[in-house]
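Take a look at the structure below.
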Amino acid sequence: RVSSDGKPPKFQPPPKPVIIDRKTQKEERRFLSPEFIPPRGRTDPLKYYIERKDMIQRRKVFNIPEFYVGHVLAVTTADPYASDKSKRFVGICIQRGGKGLGATFVLRNVIEDQGVEICYELYSPRIQAIEVLKLEKRLDENLMYLRDALPEYSTFDVNMKPVPRMDHEEIPVNKLQVRMKPKPWSKRWERPKYNIKGIKFELPEHKMKAAQKWSQPWLEFDMLREYDTSKIEEKIRKELNEELEK
Amino acid sequence: MMPIWTKSGEKHAVTLLKVQDCHVLRYVSKEESGGKTAKLLVGGKNVSPFSKPESAHEIFKEAGVPRKQKVTTFNVTDDAIIKPGTPLYAAHFRPGQFVDVTAKTIGKGFQGVVKRWGFKGQPASHGQTKTHRRPGAISTNKAAKVYRGKKMPGKMGNIYRTSFGLKVWRINTKHDIIYVNGSVPGHTNCLVKVRDSKLPTYKDCNKNPPFPTFFADGDEELPEDLFDEEIFQFTDPSVTFA
């Protein structure tokens with residue numbers, strides 16, 4: 001710098017480093033697996049507490065990664081009848097069901113032109129490894145319509161390499177509109193009760209209108225069906241974080 | 001109900017039963033009761049004393065115990081008599097034991113013959129006039145009467161039934177919970193009577209049970225969870241077949 005008086009320039013302290021506290025930021029948007037949220041009912045909450053203790057115990061020993069419906073997973077299970085005593089299956093997660101220890105997820109793949117769906121239990125001791133190969137959410141929470149879609153949408157390479165994930169924050173949503181085989185389908189997916197946004201319906205307009213006859217617009221205003229899980233989720237998330245850090 | 005896995009990877013369904021404030025209320029000797037063995041009256045869950053008259057509280061006052069919702073009798077041999085007033089815990093049972101569970105079944109109200117007794121009814125079409133779920137014939141011509149006990153419509157459920165020979169998989173001593181194999185009669189949170197199995201196959205099954213019962217103020221320090229040998233514990237790594 002050019003000094004005005006011939007003296008050395010005024011001492012400028014270096015800029016202070018900006019500390020981004022990653023830990024607090026991470027805990028704000030933590031994922032809570034849906035099987036931890038207890039269903040509505042008249043069971044004693046002590047039962048859910050004890051089940052959660054068992055689930056946490058299992059998670060400490062075996063890592064169950066965060067995954068949603070639409071991710072592509074590879075699961076290795078122990079099998080007494082296989083030659084290597086273990087089986088590996090790759091597939092897209094269609095649905096996640098069940099609460100507590102009996103939580104399940106269904107993986108679908110098309111192997112040699114045959115569609116295969118396997119329902120695994122998350123907490124079964126036979127499962128030896130769960131790897132997430134591709135992270136992407138879809139527009140719906142239930143992808144059962146892939147059974148009636150063209151097989152190309154359910155085929156995934158068995159020897160697929162895991163896709164590397166850049167950010168630790170956002171999971172991309174794939175807005176893919178799937179093309180279906182000709183009707184009849186296993187379920188009438190055009191009806192509003194399934195509320196599917198991921199299908200490209202190529203049906204004539206009068207059929208889509210006729211399907212709207214079964215819509216129940218009063219359901220979203222029904223107060224008896226409301227189940228606000230935010231407070232329950234907060235408590236369970238706190239409990240989980242405390243236990244897993246031990 | 002919960003799933004439970006064995007060390008070989010098989011899954012079994014398990015019912016959780018909680019032992020809530022159980023106390024021994026009275027000892028009835030063999031001669032008094034007129035049966036083959038002595039009896040012990042045991043009371044279950046605590047309940048408010050204000051909904052029953054004072055005369056009904058005598059048994060509880062003698063034992064020094066709050067009023068219980070249910071009082072049951074257990075037939076007991078003379079060497080297993082317990083002093084009235086002792087609390088009973090889930091640690092009375094051990095994993096690997098076999099147990100009978102009695103409870104009142106879910107009440108279904110007045111039910112027809114198809115649901116109550118499993119009758120087949122009549123076809124839906126081909127000319128049936130107003131007859132699809134009726135019992136049909138109730139007796140023969142020669143009998144000229146209807147036999148006693150004929151299966152007919154009536155009130156179904158809300159009666160005591162027992163499931164026999166259920167295995168105890170696990171016991172939680174901290175919360176007094178017994179994990180019992182399979183299903184148990186009754187709705188969720190109903191009162192249930194758990195007793196050592198009287199099936200002949202399980203007569204010699206109990207190896208060193210706590211006799212006459214598990215006393216909490218004794219010297220034994222039990223761990224929080226007692227597991228059966230075959231259960232897969234979640235502290236172990238995943239199952240592998242060699």
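In order, the protein sequence lines correspond to chains P and F.
Going by full-length UniProt numbering, the first sequence wraps up at 246, each residue one higher than the last.
Going by full-length UniProt numbering, the second sequence wraps up at 242, each residue one higher than the last.
Glycine included, C-beta positions come from ideal geometry on N, C-alpha and C.
Taking the C-alpha atoms as reference points, what is the distance between residue i and residue j?
{"i": "residue 35(P)", "j": "residue 123(P)", "result": "11 Å"}
{"i": "residue 76(P)", "j": "residue 183(F)", "result": "32 Å"}
{"i": "residue 42(F)", "j": "residue 54(F)", "result": "19 Å"}
{"i": "residue 229(P)", "j": "residue 37(P)", "result": "8 Å"}
{"i": "residue 207(P)", "j": "residue 190(P)", "result": "9 Å"}
{"i": "residue 260(F)", "j": "residue 138(F)", "result": "Examination of residue 260(F) is not possible in this model, given that chain F is present from 1 through 242 alone."}
{"i": "residue 64(P)", "j": "residue 131(F)", "result": "56 Å"}
{"i": "residue 59(P)", "j": "residue 14(F)", "result": "21 Å"}
{"i": "residue 224(F)", "j": "residue 177(F)", "result": "11 Å"}
{"i": "residue 94(F)", "j": "residue 146(P)", "result": "49 Å"}
Between the options, which has its C-alpha nearest residue i's C-alpha?
{"i": "residue 151(F)", "options": "44(F), 212(F) and 111(F)", "result": "111(F)"}
{"i": "residue 126(P)", "options": "90(P), 100(P), 160(P) and 86(P)", "result": "86(P)"}
{"i": "residue 87(F)", "options": "7(F), 126(F) and 23(F)", "result": "23(F)"}
{"i": "residue 136(F)", "options": "147(F), 163(F) and 114(F)", "result": "114(F)"}
{"i": "residue 4(F)", "options": "103(P), 88(P) and 215(P)", "result": "103(P)"}
{"i": "residue 136(P)", "options": "200(P), 165(P), 53(P) and 188(P)", "result": "165(P)"}
{"i": "residue 244(P)", "options": "226(P), 100(P), 55(P) and 20(P)", "result": "55(P)"}
{"i": "residue 104(F)", "options": "189(F), 126(F) and 78(F)", "result": "189(F)"}
{"i": "residue 232(F)", "options": "220(F), 156(F), 109(F) and 169(F)", "result": "169(F)"}
{"i": "residue 48(F)", "options": "60(F), 38(F), 143(F) and 229(F)", "result": "60(F)"}
{"i": "residue 175(P)", "options": "40(P), 11(P) and 70(P)", "result": "70(P)"}
{"i": "residue 162(F)", "options": "100(F), 149(F) and 180(F)", "result": "100(F)"}
{"i": "residue 49(P)", "options": "76(F), 2(F) and 145(F)", "result": "2(F)"}
{"i": "residue 199(F)", "options": "167(F), 193(F), 210(F) and 226(F)", "result": "167(F)"}
{"i": "residue 68(F)", "options": "80(F), 85(F), 76(F) and 213(F)", "result": "85(F)"}
With a cut-off of 8 Å, does the C-beta of residue i fall near any C-beta of chain P?
{"i": "residue 169(F)", "result": "no"}
{"i": "residue 106(F)", "result": "no"}
{"i": "residue 5(F)", "result": "yes"}
{"i": "residue 9(F)", "result": "yes"}
{"i": "residue 17(F)", "result": "no"}
{"i": "residue 172(F)", "result": "yes"}
Between which two residues does the alpha helix (DSSP H) holding residue i run?
{"i": "residue 241(P)", "result": "230 to 245"}
{"i": "residue 32(F)", "result": "30 to 33"}
{"i": "residue 80(F)", "result": "Per DSSP, residue 80(F) belongs to no alpha helix (DSSP H) and is neither H nor E."}
{"i": "residue 152(F)", "result": "Note, residue 152(F): premise wrong, no alpha helix (DSSP H); not H, not E."}
{"i": "residue 211(P)", "result": "205 to 211"}
{"i": "residue 3(F)", "result": "Note, residue 3(F): premise wrong, no alpha helix (DSSP H); beta strand (DSSP E) at 2 to 5."}
Tell me where the beta strand (DSSP E) around residue i begins and ends.
{"i": "residue 169(F)", "result": "160 to 172"}
{"i": "residue 57(P)", "result": "Note, residue 57(P): premise wrong, no beta strand (DSSP E); alpha helix (DSSP H) at 45 to 61."}
{"i": "residue 87(P)", "result": "86 to 97"}
Counting only beta-carbon separations shorter than 8 Å, does residue i have a partner in chain F?
{"i": "residue 43(P)", "result": "yes"}
{"i": "residue 69(P)", "result": "no"}
{"i": "residue 176(P)", "result": "no"}
Residues of the stretch 213 to 240 of chain F with a CB closer than 9 Å to any CB of chain P: list them in chain order, please. 232, 233, 234, 235, 236, 237, 238, 239 and 240
Using a Cβ-Cβ cut-off of less than 7 Å, give me the residues of the stretch 110 to 127 of chain P that come near chain F, in sequence order. 124, 125, 126 and 127
Below 8 Å between beta carbons is the criterion; list the residues of the stretch 176 to 200 of chain F that meet it against any residue of chain A, in chain order. Protein chains in the displayed structure are P and F, and chain A is not among them.
When you check each C-beta in the stretch 127 to 159 of chain F against every C-beta of chain P, which residues fall closer than 9 Å? Under the 9 Å Cβ criterion, the stretch 127 to 159 of chain F contributes no residue.
When Cβ atoms are compared, which residues of the stretch 46 to 60 of chain F fall closer than 9 Å to chain P? none
Identify each residue in the stretch 75 to 87 of chain P for which the Cβ-Cβ distance to at least one residue of chain F is less than 8 Å, and report them in chain order. 78, 79, 80, 85 and 86
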